[in-house]
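Counting with my numbering, you get residues 1 to 633 for the letters of the sequence shown.
Yeah, the Cβ is synthetic: ideal placement off N, Cα and C, and Gly gets one too.
Values in this document were obtained by computation on a predicted structure and should not be read as measured data.
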Amino acid sequence: MTNPFQLLGISDDVVNAVKELGFETPTPIQEQSIPVLLEGTNDFVGLAQTGTGKTAAFGLPLLELIDFKVNKPQALILCPTRELCLQIANDLKNFSKNIANAHVVAVYGGANIMQQLREIRQGVQIVVATPGRMLDIIGRKAIDFSNVKYVVLDEADEMLNMGFQDDINDILSTTPDEQKTWLFSATMPAEVRRIAKKYMHEPVELTMGTKNTGNVNIEHEYYIVRARDKYAALKRIVDFNPEIFAVVFCKTKLDTQDVAEHLIKDGYNADALHGDLSQQQRDKVMQRFRERNMQLLIATDVAARGIDVNNVTHVINYSLPDEIESYTHRSGRTGRAGKTGISICIINSKELGKIRQLERIIGKQFTKAELPTGFDVCEKQLFSLVHKVHNVEVNNEQIDQYIPRIMDEFADLTKEDVIKRFASLEFNRFLDYYSKAPDLNAAVGDDRGERGERGERRGRGSEGYTRLFINLGSVDEFTRGDMLSFICNNGKIAGKSVGKIDLKGVFSFFEVEDDVADKVFEGFKSVEFNGRQVRIEKSGDGGRDGGERRGGGERRSGGFGGERRGGGGGGFRGGDRRSSGGSGRREGGSREGGNAGGGFRDFSGRSRDEKGGSGRREGGSREGGSGERRKKW
Ligand code: AMP
């Protein structure tokens, strides 16, 4: 039987490569664009959401059109973020793996430019680049674009949104006038239209679905809560979905960090992704998320752009984005590659108007959902546990030797008793936590207590807490999340016992519950960090509060040596933490001991050398928007 990609005009070498990737039939966008692009004579505008198979839609025709005998850049693909750049380059390398002499290079900020220049010098036909680094390389006269025949502008709306318009103009001024330009965009604001007009001649236009229509595989829901209940609502949504694998969007870096830290403290497997992290830190967070060693990725819009992680079950808008257009990009992180997904907005009743606006723009109705009651959550978790027990893989070889003793232990119990007790083991924790859980659903117009959900959560006063000094701080590359894990690991205490963490340059302060303070002192008695004794003192003992420079002479650079020694009973990573889901993550639950084991973050091998540099611009420092032209609410 002829392969459907072959029928579209793709050659055997490429068909075999995509077959290996599991592409059996073309996606709608591939079906429509491949024949058009294969002609190689048209400019092209494709209005398509992320996750629809766009990369192959332009990548496969490119591979057919390029002359791989010639070792010169013939195609340039521009995209907004480093993550997307790597993704596209990687896809193209996979698609072209059976083509002799095919060379693809990824050019992006935040990485060693010398290596990229070397690859370019060795000869490439396809350059995938983020605009900032591309301009840098052009400025060094290190690339010759005179043979470029095809330029692809991927996620054009995002590139413009990030302020790359001038960079794009400058780059395109170095490519031949006769080149064909293929533009892909999820939305078509006026600025994208203008670019299309400027660089294209009667482009063929294809729209996948109706204009601005959200992905059909995504359902949109909203929950109305009082602002102060937002965090509790987030937790409840997560608890009600034990298998959730989600991206949670916040508006600012601060909120992102704050929500992530609270989730970590409350025992969830979460981490933050935002532009204040070094590139290396961001890569690590993304790697953990990709490998599903983390369940909740808390991200800003900019940091999450271009993230291509399959099987994300939910996108949660913890706060609605500033620009309406961003909603499409956020929700496009789920429902990818034909899968279904849910995009959730947690709003207060004043924001209902924004939901109506979104409905008009994406042409889909949002469902008003009710937050589950505590009882609903308990029930859901219980049956998730039951399901897990039923399906668990039994290692007979290992377990058989213990069975007689286990049977002995249970000899006085009926089968029903055993089941009841077993289920209660986890279920009780949920019951404890949720037995008095309030109804979090707010009625429209119910804005009581809007003053400050964050204040409430943060307002964990210092009463009952002991404030401690530690001779480590942000110069040691600790984030507050790192510090939390470090304290829990070494002090052998649960995250819930730690109060405010005040990260300074060369030292920090943190609060712990009064009754665990001695334990923390004990735990830190002989802890070394990078060959240096870690010191903990009661704040005020030496007047530390005032003196940032105290201990400054002890600094040395980077690296986390062996501070994880002993591991502190740690490490949810790589284990079944994700699937253990909500169970045991309750405040007050005995599972907190596991939390104290920490190990949420891989401390090893961190370096600072990737901070700064032009690359930060691509994925990071434009965060927060730079007076953009996008439509506000
Ligand atoms: P993209 O929109 O290019 O980021 O693609 C989204 C996801 O769909 C990626 O994980 C691709 O590997 C996958 N994909 C693209 N085309 C196909 C296809 N024809 N069949 C199956 N999966 C595909």
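According to the neighbour-count rule (16 or more other Cβ atoms, all chains shown, within 10 Å of its Cβ), is V45 buried or exposed? Looking up residue 45 in the sequence shown gives position 45. Classification for V45: buried.
Buried or exposed, going by whether 16 or more other CB atoms sit within 10 Å of the CB of Q257? The residue labelled residue 257 in the question sits at position 257 within the sequence shown. Q257 counts as buried, since no fewer than 16 other beta carbons sit within 10 angstroms of its beta carbon.
Answer with buried or exposed for K368, where buried requires no fewer than 16 other C-beta atoms within 10 angstroms of its C-beta. Position 368 of the sequence shown, counting from 1, holds the residue named residue 368. Sixteen is the threshold: since fewer than 16 other Cβ atoms of the shown chains lie within 10 Å of the Cβ of K368, the residue is exposed.
When the distance is taken between beta carbons, is F366 closer than 8 Å to E513? Working through the sequence shown from its first residue, we reach residue 513 at position 513. Working through the sequence shown from its first residue, we reach residue 366 at position 366. Their beta carbons are not under 8 Å apart, which means E513 does not touch F366 by this criterion.
Tell me where the beta strand (DSSP E) around R467 begins and ends. Taking the sequence shown and counting its residues from 1, the one referred to as residue 467 is at position 467. Taken as a continuous stretch (DSSP letters only), the beta strand (DSSP E) holding R467 covers Y465 to I470.
When you compare each of M159, A142 and V151 to L65 by their alpha carbons, which one comes out closest? On the sequence shown, residue 65 is found 65 positions in, with the first residue counted as 1. Ranking the options by Cα distance to L65, first place goes to V151.
Locate the beta strand (DSSP E) running through F23, then write down its first and last residues. For the purposes of this step, residue 23 is taken as the residue at position 23 of the sequence shown. Element bounds for F23: n/a, residue is neither H nor E.
Secondary structure at Q125, three-state DSSP: helix, strand or coil? Here residue 125 corresponds to residue number 125 of the sequence shown, with the count starting at 1. Correct three-state label for Q125: coil.
May I ask which residues mark the beginning and end of the alpha helix (DSSP H) holding K85? Against the sequence shown, residue 85 aligns to sequence position 85. For the record, residue 85 in the displayed sequence is Cys; it is not Lys. Its alpha helix (DSSP H) spans residues R82 to F95.
So what's G363 in DSSP terms, helix, strand or just coil? For the purposes of this step, residue 363 is taken as residue 363 along the sequence shown, with counting starting at 1. Coil.
Please tell me whether L472 and F510 are closer than 8 Å, where the distance is taken between their beta carbons. Against the sequence shown, residue 472 aligns to sequence position 472. Against the sequence shown, residue 510 aligns to sequence position 510. Not closer than 8 Å, so no.
Would you decide whether F560 is buried or exposed? Buried here means 16 or more other CB atoms lie within 10 Å of its CB. Along the sequence shown, read from residue 1 onward, the residue named residue 560 stands at position 560. Because the pLDDT at F560 is just 24, under 50, the model does not fix this residue reliably, and the point stays unresolved.
Runs of 4 residues minimum, wholly inside the region 138 to 162: which ones carry the alpha helix (DSSP H) assignment? Taking only runs of at least 4 residues, the alpha helix (DSSP H) segments lying wholly in the region 138 to 162 are 156 to 161.
Alpha carbons only, please: which of E83, K97 and V36 is nearest the one belonging to V128? Locating residue 128 in the sequence shown gives position 128, counting from the first residue. Proximity to V128 across E83, K97 and V36 peaks at E83, based on C-alpha coordinates.
Using 7 Å as the cut-off, classify the Cβ of D308 as near or not near the heavy atoms of ligand 1, replying yes or no. As a first step, residue 308 is located in the sequence shown; it is residue number 308 there, counting from the start. Yes, ligand 1 has a heavy atom inside 7 Å of this Cβ.
Going by the C-beta, is P35 closer than 7 Å to any heavy atom of ligand 1? Along the sequence shown, read from residue 1 onward, the residue named residue 35 stands at position 35. Flag unset: Cβ of P35 not near ligand 1.
Applying the 10 Å Cβ sphere with the 16-neighbour rule, what's the burial state of F383? If you number the sequence shown from 1, residue 383 lands on position 383. Residue environment analysis places F383 among the exposed positions, since fewer than 16 neighbouring C-beta atoms fall within 10 angstroms of its C-beta.
What are the uninterrupted segments assigned as alpha helix (DSSP H) that are 4 or more residues long and contained completely in the region 258 to 317, given in chain order? DSSP runs (the alpha helix (DSSP H)) wholly in the region 258 to 317: 279 to 290 and 301 to 304.
L78: buried (16+ other C-beta within 10 angstroms of its C-beta) or exposed? For the purposes of this step, residue 78 is taken as the residue at position 78 of the sequence shown. Looking at its Cβ environment, which holds 16 or more other Cβ atoms inside 10 Å, L78 is buried.
The region 498 to 507 touching the region 424 to 437, judged by at least three CB pairs closer than 8 Å: Result no; under three Cβ-Cβ pairs closer than 8 Å.
Tell me, please, which residues DSSP counts as bridged to L206. Residue mapping note: residue 206 aligns to position 206 of the sequence shown, counting from 1. DSSP lists G46 as partners of L206.
Cβ of A56 within 7 Å of any heavy atom in ligand 1? Taking the first residue of the sequence shown as position 1, residue 56 is located at position 56. The nearest non-hydrogen atom of ligand 1 is less than 7 Å from the C-beta of A56.
For H262, is the classification buried or exposed, using 16 other Cβ atoms within 10 angstroms of its Cβ as the cut-off for buried? Locating residue 262 in the sequence shown gives position 262, counting from the first residue. Under this definition H262 is a buried residue.
Alpha carbon to alpha carbon, how far is C378 from S424? The residue you call residue 378 lines up with position 378 of the sequence shown. The residue you call residue 424 lines up with position 424 of the sequence shown. In this model, C378 and S424 are separated by some 11 Å (Cα to Cα).
Where do the N-terminal and C-terminal ends of the beta strand (DSSP E) with E511 fall, by residue? The residue given as residue 511 occupies position 511 in the sequence shown. Per DSSP, E511 belongs to the beta strand (DSSP E) from S508 to E513.
Report buried or exposed for F5, applying the criterion of at least 16 other Cβ atoms within 10 angstroms of its Cβ. By 1-based counting over the sequence shown, the position of residue 5 is 5. It counts as buried.
Alpha-carbon spacing of V312 relative to R290, whole angstroms: As a working note, residue 312 is residue 312 in the sequence shown. As a working note, residue 290 is residue 290 in the sequence shown. Pairing V312 with R290, the inter-Cα distance amounts to about 10 Å.
Which residue comes first and which comes last in the beta strand (DSSP E) that contains S326? As a first step, residue 326 is located in the sequence shown; it is residue number 326 there, counting from the start. Counting along the chain, S326 falls outside any beta strand (DSSP E), though it belongs to the alpha helix (DSSP H) covering I324 to S331.
The beta strand (DSSP E) enclosing L78, as first and last residue numbers: Working through the sequence shown from its first residue, we reach residue 78 at position 78. That run of the beta strand (DSSP E) goes A75 to L78.
Just to check my reading of the structure: S33 and A17 have Cβ atoms closer than 8 Å, yes? What is that Cβ distance to the nearest angstrom? Your numbering for residue 33 matches position 33 in the sequence shown. Your numbering for residue 17 matches position 17 in the sequence shown. In this structure S33 does not touch A17 by the C-beta definition: roughly 19 Å separates them, more than the 8 Å allowed.
Please report the straight-line C-alpha distance between F521 and E528, rounded to a whole angstrom. Reading the sequence shown from its first residue, position 521 is the one you call residue 521. Reading the sequence shown from its first residue, position 528 is the one you call residue 528. Between the C-alpha atoms of F521 and E528 there is a straight-line separation of about 14 Å.
Do the region 134 to 152 and the region 166 to 185 make contact, defined as three or more Cβ pairs closer than 8 Å? Below 8 Å, enough C-beta pairs join the region 134 to 152 and the region 166 to 185 to call them touching: three or more.
Is there at least one non-hydrogen atom of ligand 1 closer than 7 Å to the beta-carbon of Q74? As a first step, residue 74 must be located in the sequence shown, where it is residue number 74. Relative to ligand 1, even the nearest heavy atom lies 7 Å or more away from the CB of Q74.
Tell me the residue span of the alpha helix (DSSP H) that contains K235. Start at 1 with the first residue of the sequence shown, and residue 235 comes out as number 235. Start and end: K230 to F240.
Buried versus exposed, by CB contacts within 10 Å (16 or more), I224: As a working mapping, residue 224 is identified with position 224 in the sequence shown. Classification for I224: buried.
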